[in-house]
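Chemist: Sharing a structure with you now.
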Amino acid sequence: MTNQTASIDPFQHVNAKSKGKRPKYFDDPAMEHLMSMNLSLMQELAVTRERLDSLERVMEDTGILPRSKIESYRPDTIAAQERALAHRKLISTVLRSVEQELDGMKPRPEGTADS
Amino acid sequence: MTHMKTTTPPPWHLVGKHDVFPEADLDEIARFNFLANMNRYLAETLGPGNKKTYETRVKPAFEKREGREPASRHEIRDVMNQDSFHRVWSALKRNTMEQRQQAGRSLVLRQIDDLVNKATALTEENGNLELDPSLELPNYVAGVDHHCMPGSYHTELIPNDISAGANYDCGIFVTTGGAMGRFSDGGGQALANFAKNDLKDFHPKRIVDVGCTVGHSLLPIAKAFPDAEVIGIDVSGAVLRYAAARAAALDVKNISFRQLNAEDLSVIPDNSVDWVQTTMFLHETSEKSMRKMMAEFHRILTPGGLMLHLEQPSYDDSVPLFEQFIRDWDAFNNNEPFWTRLHEMDLVAVMEEAGFHKSSHVEFKVKAVPDPVLATGDVSGKSEDHGRAAAWHAMGARKEMKG
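Protein sequence lines, in the order shown, are assigned to chains G and C.
Residue numbers are given in UniProt numbering: position 28 of the first sequence equals residue 28, and the series is strictly consecutive.
Residue numbers are given in UniProt numbering: position 100 of the second sequence equals residue 100, and the series is strictly consecutive.
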C-alpha cells in the first residue's frame, strides 16, 4: 500500500505548514489543536468506515459472505467479553489525561475543610 | 434545522486520470471522499448559519452599541470574528483545506520518484516545455502560500519535482466537489464555446494562457482550436513540468508551456497573440504587477485580439455588505492576500490605463460546462460556495483595430 520513495521521506514534508499567518479562531490556542484533532479523527473514522463498507460489499459480491450474515452476527459469551475489554481499553487510552489527573490527586489530610 | 434536498459530490475515483496522475489507494480515495462531503456540508448545511447568526445576534448587538448599521465588509468581519458560530464554521473550513493539502501531499509524495520519471520521459519525448530556472519568483508568490498549499505552486523538494502540480491536480476535484468535471476543465470548455460560438470572425492562431498552472483550463481551448499555437505561461517550473507531461499524456499536441513572469513578456513580439487568457489568476498577483501585466497583454495582442480574465464578480454597490464579507473570507482565511483589494478595484479603468478602449470592454457570466459522466447537472446554482462555485465573471476587452 505504501511504496516509500527513495529520494525523500514523505513524513518530513506531508505536514508542512503553508507560509502566511494562520488566523486565530479561538481565544485559547489549545482549542485550535482540539478542533484540528477532532476533524482529523472524524476524517480517519470516515476512512475506516469506507474501508469496512468496501470489505463487506466485496465479500458479498464475490459470494464469500452475505452482508446480512454480518448484520445478524451476535457474539457468544467469550467473544462478547473480549469485545467489552477492547472497548474498555480504548476508553482508557483516549481518557489518559483525565486518568492521570485523577492519579495525581492526593487525599486531603483528616480534618481539613473544603476551601 | 431545515435542509434542502441533500446532494453529494461525485466520488473521487471518477476523477479524470492520465499517465502522470498519482495513483490512490482505498484509504486515500476515502479521505478525499470525506473532504469533498465535508466541503459540501460546510457550504450547504452550516454555511447559511453565518447569515443567520449575523441577522439574529451579531448585527442587532452592533446596532445597539453603535446606533447604526455596519458600514463596510471590514466592520462586519470584525464583529463576525467574535461570534462563536462563525468562529467554529471558519475553523472547520480552514482545517478542511489544511487536511486536503495533507491528504494530497501524503498521496503524491509517497510516489514522487515514479511520477517524476514518468513526467520527465513524456516531456522529453514531446518537447513541449521551456523552463527558465533563473526566473526570479515574484513577491506575491514567494511571500505567501496561496490557498494554504504548503510550498505553493513552486517549491521543489527534489530535482525535476512535479509534486506541486500533482497535488493540485488530484485535489482540485475535492475542493470543487467535481463541479468543474473529471478533468477540472469545465471552465475552459465554457471559454472555448464562447470563443467559437459567440464571437464572429474570431479565428485565433496564437493563444496565451497566463498563470496556467497544470493547464486545466487551457487544454479544452487548445482542443477547440487544433490549428492554433497554444502557450501556457507560469512562474513555477514545478507546475509547468506537470502541465507539459499531462498535456502529452492527454494527447494534446498543439500546446507548449513556458516559465515566464507575465510582467515581462518581452520574448513575445508585439501584435503577435490573438487571445490572451487568465482564469482565476489575477487575484493571486498584486495590484502593481497586475497593472504591468495588463500593459504587456495589450502590447502582445494583435489588433482585434481578445483579452479575457475569469474572476469572481467585483464588490460593487449592488453586492450587499454581508455578501461582500462572506466572499472576502478567502482573503483572510485561505491565504489570498490580493483577493479583497482586487474585488473592490475598477478593472475597466485598469484595462483602459493599459490601452484598451472602454468601448471594447466585454463582460459576461461563465458557468462550467457540466460533465456528462459525473452527471452533476447545473453545478453553479444556489448552493454557491462563496467564490468556489464553478461560475465566474468574465471581464476583458478587444484591442483596437489599427486604422
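Heads up, the beta-carbon is just placed ideally off N, CA and C, and yes, glycines get one too.
None of these values were measured; they are calculated from a predicted model.
Could you pull out every residue in the same chain whose Cβ sits closer than 7 Å to the Cβ of Gly381/C, ignoring the five residues on either side in sequence?
Modeler: In the second sequence, counting from the first residue as 1, residue 381/C sits at position 381. Low confidence applies here, because Gly381/C scores a pLDDT of 48, under 50, leaving its location unreliable; read the following figure in that light. For Gly381/C, where only same-chain residues beyond five positions count, there are no Cβ hits under 7 Å.
Chemist: So, under 8 Å CB-CB, Leu308/C and Leu191/C are touching, yes? Tell me the CB distance rounded to an integer number of Å.
Modeler: If you number the second sequence from 1, residue 308/C lands on position 308. If you number the second sequence from 1, residue 191/C lands on position 191. Confirmed, about 7 Å.
Chemist: Tell me, which residues are paired with Lys365/C by DSSP?
Modeler: As a working note, residue 365/C is residue 365 in the second sequence. Paired residue(s): His393/C.
Chemist: Helix, strand or coil, according to DSSP, for Gln189/C in the structure here?
Modeler: The residue given as residue 189/C occupies position 189 in the second sequence. In the structure shown, Gln189/C sits in a helix (DSSP, three-state: H, G or I).
Chemist: To the nearest angstrom, report how far apart Val144/C and Leu321/C are at their CA atoms.
Modeler: Taking the first residue of the second sequence as position 1, residue 144/C is located at position 144. Taking the first residue of the second sequence as position 1, residue 321/C is located at position 321. Their backbone Cα atoms lie some 27 Å apart in a straight line.
Chemist: How is the beta strand (DSSP E) around Gln259/C delimited, first residue to last?
Modeler: Indexing the second sequence from 1 puts residue 259/C at position 259. Taken as a continuous stretch (DSSP letters only), the beta strand (DSSP E) holding Gln259/C covers Ile255 to Gln259.
Chemist: Quick one, are the C-beta atoms of Ala375/C and Val174/C less than 8 Å apart?
Modeler: For this step, residue 375/C is matched to residue 375 along the second sequence. For this step, residue 174/C is matched to residue 174 along the second sequence. Result no, Cβ atoms of Ala375/C and Val174/C do not sit closer than 8 Å.
Chemist: Does any C-beta atom of chain G lie closer than 8 Å to the C-beta of Cys170/C?
Modeler: Residue mapping note: residue 170/C aligns to position 170 of the second sequence, counting from 1. Chain G, which has no Cβ nearer than 8 Å to the Cβ of Cys170/C, makes this no.
Chemist: Gln277/C by DSSP, collapsed to three states: which one?
Modeler: Reading the second sequence from its first residue, position 277 is the one you call residue 277/C. Strand at Gln277/C.
Chemist: Rounded to whole angstroms, what is the Cα-Cα separation between Lys200/C and Val208/C?
Modeler: Position 200 of the second sequence, counted from the start, is the residue given in the question as residue 200/C. Position 208 of the second sequence, counted from the start, is the residue given in the question as residue 208/C. Between Lys200/C and Val208/C, the C-alpha separation is close to 20 Å.
Chemist: Determine the extent of the beta strand (DSSP E) in which Met307/C is found, giving its start and end residues.
Modeler: Along the second sequence, read from residue 1 onward, the residue named residue 307/C stands at position 307. Leu301 to Glu311 is the span of the beta strand (DSSP E), which, as asked, contains Met307/C.
Chemist: Using only CA atoms, which one of Arg68/C, Lys292/C and Asn271/C lies nearest to Pro204/C?
Modeler: Numbered from its first residue, the second sequence carries residue 204/C at position 204. Looking at the Cα atoms, Asn271/C is the closest of the given residues.
Chemist: Between the Cα of Pro60/C and the Cα atoms of Pro48/C, Leu129/C, Met80/C and Leu109/C, which residue gives the shortest distance?
Modeler: For the purposes of this step, residue 60/C is taken as residue 60 along the second sequence, with counting starting at 1. Per the Cα distances, Met80/C.
Chemist: Tell me the DSSP bridge mates of Arg246/C?
Modeler: Taking the first residue of the second sequence as 1, we reach residue 246/C at position 246. None, per the DSSP bridge assignment.
Chemist: Return helix, strand or coil for Ile207/C, following the three-state DSSP convention.
Modeler: Counting from 1 along the second sequence, the entry for residue 207/C is found at position 207. Here Ile207/C sits in strand by DSSP.
Chemist: Determine, using beta carbons only, whether Leu26/C comes closer than 8 Å to chain G.
Modeler: As a working note, residue 26/C is residue 26 in the second sequence. Judged by the 8 Å Cβ criterion, Leu26/C is in contact with chain G.
Chemist: Smallest Cα separation from Val362/C: which of Glu344/C, Phe338/C and Gly304/C?
Modeler: What you label residue 362/C is simply residue 362 of the second sequence in a count that begins at 1. The option with the nearest alpha carbon to Val362/C is Gly304/C.
Chemist: Could you tell me whether any Cβ in chain C is nearer than 8 Å to the Cβ of Met35/G?
Modeler: Here residue 35/G refers to the residue found at position 35 of the first sequence. Output row for Met35/G: interface = yes.
Chemist: Just by C-beta distance, which residues in the region 86-105 of chain G are closer than 7 Å to chain C?
Modeler: So the list is empty, because no residue satisfies the distance condition.
Chemist: Helix, strand or coil for Gly104/C? Go by DSSP, reduced to three states.
Modeler: Within the second sequence, the letter at position 104 stands for residue 104/C. Residue state, collapsed to three classes: helix.
Chemist: Which ranges would you report for the alpha helix (DSSP H) in the region 124-153 of chain C if only whole runs of at least 4 residues count?
Modeler: Within the region 124-153 of chain C, the complete alpha helix (DSSP H) runs of at least 4 residues are 139-142.
Chemist: Considering just the uninterrupted stretch of the alpha helix (DSSP H) at Ile158/C, what are its terminal residues?
Modeler: Here residue 158/C refers to the residue found at position 158 of the second sequence. Neither: Ile158/C is in no alpha helix (DSSP H) and is coded neither H nor E.
Chemist: Specify whether the region 262-269 of chain C and the region 350-369 of chain C touch according to this definition: at least 3 beta carbon pairs, one from each stretch, less than 8 Å apart.
Modeler: Output reads no: the region 350-369 of chain C does not touch the region 262-269 of chain C.
Chemist: Tell me Gly232/C's beta-bridge partners as DSSP assigns them.
Modeler: Stepping through the second sequence from its first residue, residue 232/C is reached at position 232. Its beta-bridge partners are Asp209/C and Phe257/C.
Chemist: Only counting the same chain, and skipping five residues up and downstream in sequence, which positions put a Cβ closer than 7 Å to that of Gly104/C?
Modeler: Residue mapping note: residue 104/C aligns to position 104 of the second sequence, counting from 1. Once the five neighbours on either side are set aside, the close Cβ partners of Gly104/C are Asn167, Cys170 and Gly171.
Chemist: In chain order, what residues of the same chain have a beta carbon less than 6 Å from the beta carbon of Gln82/C, not counting five sequence neighbours either side?
Modeler: Translated into positions along the second sequence, residue 82/C becomes position 82. Here the set comprises nothing.
Chemist: Can you find a C-beta in chain G that's less than 8 Å from the C-beta of Arg110/C?
Modeler: Here residue 110/C corresponds to residue number 110 of the second sequence, with the count starting at 1. Answer yes: the Cβ-Cβ gap between Arg110/C and chain G drops below 8 Å somewhere.
Chemist: Looking only at C-alpha atoms, which of Arg88/G, Ile78/G, Ala79/G and Glu56/G sits nearest to Ile70/G?
Modeler: Here residue 70/G is taken as the residue at index 70 of the first sequence, counted from 1. Closest by alpha carbon: Glu56/G.
Chemist: So is Leu157/C in contact with chain D if we call contact Cβ pairs under 8 Å?
Modeler: In the displayed structure, chain D is absent; the protein chains listed are G and C.
Chemist: Please list, in chain order, all residues of the same chain as Trp89/C whose beta carbon is under 8 Å from its beta carbon, the five residues on each side excluded.
Modeler: One-based indexing of the second sequence puts residue 89/C at position 89. Counting only Cβ-Cβ distances below 8 Å, and skipping sequence neighbours, we find Leu42, Leu46, Gly47, Gly49 and Asn50.
Chemist: Which parts of the region 6-91 of chain G are runs of the alpha helix (DSSP H), unbroken and 4 residues or longer, counting only runs that do not cross its ends?
Modeler: Counting only runs of 4 or more, we get 11-14, 29-61 and 67-71.
Chemist: Given this structure, state the Cα-to-Cα distance separating His216/C from Gly188/C, to the nearest angstrom.
Modeler: Against the second sequence, residue 216/C aligns to sequence position 216. Against the second sequence, residue 188/C aligns to sequence position 188. Spanning the two alpha carbons is a distance of roughly 7 Å.
Chemist: From this set, Asp251/C, Gln259/C and Trp329/C, which residue's C-alpha is nearest Asp19/C's C-alpha?
Modeler: Here residue 19/C refers to the residue found at position 19 of the second sequence. Nearest of Asp251/C, Gln259/C and Trp329/C to Asp19/C, Cα basis: Asp251/C.
Chemist: Output the distance between the C-alpha atoms of Leu65/G and Leu26/C, rounded to the nearest integer angstrom.
Modeler: Position 65 of the first sequence, counted from the start, is the residue given in the question as residue 65/G. Position 26 of the second sequence, counted from the start, is the residue given in the question as residue 26/C. Looking at the two C-alpha atoms, the distance is approximately 21 Å.
Chemist: Please classify Gln312/C as buried or exposed, where buried requires at least 16 neighbouring CB atoms within 10 angstroms.
Modeler: If you number the second sequence from 1, residue 312/C lands on position 312. Answer is buried; the Cβ neighbour count reaches 16.
Chemist: Show which residues of chain C have a CB atom less than 7 Å away from the CB atom of Tyr73/G.
Modeler: Taking the first sequence and counting its residues from 1, the one referred to as residue 73/G is at position 73. Correct list: empty, because the minimum Cβ distance to chain C is about 23 Å.
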